[in-house]
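Residue 180 in UniProt numbering sits at position 180 of the sequence shown, with consecutive numbering throughout. Beta carbons: idealized from backbone N, C-alpha and C, even for Gly. Just so it is clear, the structure is predicted and the values come from calculations on it, not from any experiment.
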Amino acid sequence: MLITVNHKEQHCERLKTFVNNPDLSDVTFIIEGKPIHAHRTLLALASPYFRALFTNSMRETTSPQVALEGPSRAGFLAVLEYLYAGSVGVDAGNVMELMDLSRMYQLEGLRGRCVEFVGDAVDPHSAVGLFAACFGLGEEEVKGKCLELICKDPGAAFGDEKQLGLLDAEKWKVLLERDQLEMDELKLFELVHCWFTKFSKKGVEDKEVFKWIRYGVIPARDLIKTVKPTGCAPSELYYLALEYQAASDLFKELNESQAKLFKKRINTAIDSIIPFKNVGDNGIIYYCGTNGGKETWKNPCKSGLITVKGVSLNGELGCFVENKSTTGHIGSNNQPNSFLCLQFQKIRVRPNYYCIWPHNSDTSYYARNWNFEGSNDDVKWTVIREHKNDGSFQSPKTPIAWPLECNNFFSYFRVISTGPNKSGSHYYLTFSALEIYGSIQTLN
1 MLITVNHKEQ
11 HCERLKTFVN
21 NPDLSDVTFI
31 IEGKPIHAHR
41 TLLALASPYF
51 RALFTNSMRE
61 TTSPQVALEG
71 PSRAGFLAVL
81 EYLYAGSVGV
91 DAGNVMELMD
101 LSRMYQLEGL
111 RGRCVEFVGD
121 AVDPHSAVGL
131 FAACFGLGEE
141 EVKGKCLELI
151 CKDPGAAFGD
161 EKQLGLLDAE
171 KWKVLLERDQ
181 LEMDELKLFE
191 LVHCWFTKFS
201 KKGVEDKEVF
211 KWIRYGVIPA
221 RDLIKTVKPT
231 GCAPSELYYL
241 ALEYQAASDL
251 FKELNESQAK
261 LFKKRINTAI
271 DSIIPFKNVG
281 DNGIIYYCGT
291 NGGKETWKNP
301 CKSGLITVKG
311 VSLNGELGCF
321 VENKSTTGHI
331 GSNNQPNSFL
341 CLQFQKIRVR
351 PNYYCIWPHN
361 SDTSYYARNW
371 NFEGSNDDVK
381 WTVIREHKND
391 GSFQSPKTPI
401 AWPLECNNFF
411 SYFRVISTGP
421 NKSGSHYYLT
431 FSALEIYGSI
441 QTLN
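This is how it looks when you write it as structure tokens:
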């Protein structure tokens, strides 16, 4: 008869009490000048690294003290807790060190949990820091996740200029060689130039980063007006870009490196530009409703090219995208953070202006506090313009337009309430229509 009892939980709790406990300790690690007590057998059973350390012919095999350089005291104690008890608390403050130590001590279980934690926690705002921290550590899965987020939303990733200081030329090379980096090439050049002038540590040697900019896709006017005065673009690439744009038919064949110079990054190619000229002009919503100006106007909600949603909406959904509507209106319910949202189904837009037609009769519902935001997944939203106590809306049927600074393309846009409307006590969002202007990408 075989009797089995699961003592795992009890043993783990008991073993946890031996972390940095001198009782029965037969080895002491000196970290940051202070002792940490441990037990050779437990460490050797749990870690191939410590097994090798304590069984080879090196001095550490028998020495009662082992000095360790590299891990912090808190980090090493966390590793011991994992080795003894099989669990440890992981948070944003210790995950990178634990991931590094788990690789050093060959603890694949701990390393896997750290990688999973980073994958769940990282967002565009923290991606640059994590990318820099894990660069060269062999954590390709984490690095790949960070790169994906940086490329998809570089505006958020580099929203804080201090993030640039975390990069060096080698890290820039990895970023700039990616076709998936979703940023206008001129904006990208300006970003790299900002890094070079404010954060470069090697001076002229770091200037090599500029050879990975794709000058061939920057308009000639911008090359002359913005790029040339910096003196940073390699001369041969700068003049090749100008010559190619002036007379591309004379270039019979480009080698691989030259071809890269003229290759647009994925998701940054612009199919059309609908510029803003005057308030109330036709824009991108009109472009959708007329099939690029080829057909007579049809509300794009009815043709499925745009969908509209919001919080407990009143009115016709299609009114929000009705061309220059001054008769109908659409509104949200009376609650903070109420919003009106539209999604372009077949295009993405990088806006540089937007225009709103206010509610056609009841001026007390005019918005005063709201954000205009963009997204590509309807989950993570980027604030494109913030309006605080904005009294622009004064009279019915009079559209108002605002300029936008936006480097990214989005398929979702929303107007979200951030405070009371003109009434001072309600949060209703009511509009007659919306129009957006800027650059268009066609989705595959």
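Checklist entry - Which ranges would you report for the alpha helix (DSSP H) in the region 102-137 if only whole runs of at least 4 residues count? => result List check, alpha helix (DSSP H) in window: 108-121, 124-134.
Item to check | S338 versus W195, Q245, L429, residue with shortest Cα-Cα distance | outcome: L429
Next on the checklist: Rounded to the nearest angstrom, what separates K173 and R214 at their Cα positions?
Outcome noted: 12 Å
Checklist entry - Three or more C-beta pairs closer than 8 Å, one from the region 334-352 and one from the region 416-428: is that the case here? => result Yes: the two stretches touch, three or more of their Cβ pairs being nearer than 8 Å.
Item to check | Counted within 10 angstroms of its Cβ, other Cβ atoms place residue 468 as buried (16 or more) or exposed | outcome: The structure shown does not extend to residue 468, since the chain is modelled only from 1 through 444, so no value can be given for it.
Next on the checklist: So, with DSSP's three-state summary, where would you put R14?
Outcome noted: helix
Checklist entry - Considering only the beta carbon of each residue, do I440 and I347 sit closer than 7 Å? => result yes
Item to check | Rounded distance between the beta-carbons of C288 and S432, thought under 8 Å | outcome: Not quite, the Cβ-Cβ distance comes to about 18 Å (not below 8 Å), so this is no contact.
Next on the checklist: Would you call the region 63-77 in contact with the region 111-131, where contact means no fewer than 3 C-beta pairs closer than 8 Å?
Outcome noted: Counting C-beta pairs with one atom in each stretch, the region 63-77 and the region 111-131 have fewer than three that are closer than 8 Å, which means they do not touch.
Item to check | Extent of the continuous alpha helix (DSSP H) to which G144 belongs | outcome: 140-152
Next on the checklist: Whole angstroms are fine: how far does the CA of W370 sit from the CA of K162?
Outcome noted: As the crow flies, the alpha-carbon of K162 is around 28 Å from that of W370.
Next on the checklist: For W212, which residues in the same chain have their Cβ closer than 8 Å to its Cβ, ignoring the five residues on either side in sequence?
Outcome noted: Within the same chain, and ignoring the five residues on either side of W212 in sequence, the residues whose Cβ sits closer than 8 Å to its Cβ are W172, K173, L176, E177.
Checklist entry - Can the beta-carbon of I150 be found closer than 7 Å to that of A133? => result no
Checklist entry - Does the Cβ-Cβ distance between I36 and N20 come in under 7 Å? => result yes
Item to check | Own chain, CB closer than 7 Å to L223, minus 5 neighbours either side, in chain order | outcome: Y215, Y238, A241, L242
Item to check | Complete alpha helix (DSSP H) runs within the region 334-386 (minimum length 4 residues, chain order) | outcome: none
Checklist entry - When burial is assigned at 16 or more other CB atoms within 10 Å of the CB, is G374 buried or exposed? => result With 16 or more other Cβ atoms within 10 Å, it is buried.
Checklist entry - Can you check whether the CB of V321 is closer than 7 Å to the CB of I273? => result no
Item to check | N- and C-terminal bounds of the alpha helix (DSSP H) containing W195 | outcome: 185-198
Item to check | With 16 other Cβ atoms within 10 Å as the buried cut-off, status of V379 | outcome: exposed
Next on the checklist: So if DSSP puts K309 in a beta bridge, which residue, or which two residues, is it bridged to?
Outcome noted: C341
Next on the checklist: Between P358 and T398, how many whole angstroms is the CB-CB distance? I'm expecting something under 8 Å.
Outcome noted: About 7 Å separates the two Cβ atoms, so the contact holds.
Checklist entry - Among L261, I384, P219, which has the Cα closest to the Cα of residue 482? => result There is simply no residue 482 to check, as the chain begins at 1 and stops at 444 in what is shown.
Checklist entry - Cα separation between C194 and P403? => result Roughly 24 Å between the two C-alpha positions.
Checklist entry - To which residues of the same chain is N421 closer than 7 Å at the C-beta, ignoring the five residues directly before and after it? => result Y365, Y366, A367, R368, Y427, Y428
Next on the checklist: Quick check on G289: does DSSP put it in helix, strand or coil?
Outcome noted: Residue state, collapsed to three classes: helix.
Next on the checklist: Cutting at 8 Å between CB atoms, please list the residues of its own chain near D160, excluding the five before and the five after it.
Outcome noted: H125
Checklist entry - Going by C-alpha distance, which of F131, A169, T307, P154 is nearest K143? => result F131
Checklist entry - For I356 versus F372, is the C-beta spacing smaller than 7 Å? => result Going by C-beta atoms, I356 is not nearer than 7 Å to F372.
Next on the checklist: One question on the structure: do F210 and Y437 come within less than 7 Å of each other, judged by their Cβ atoms?
Outcome noted: no
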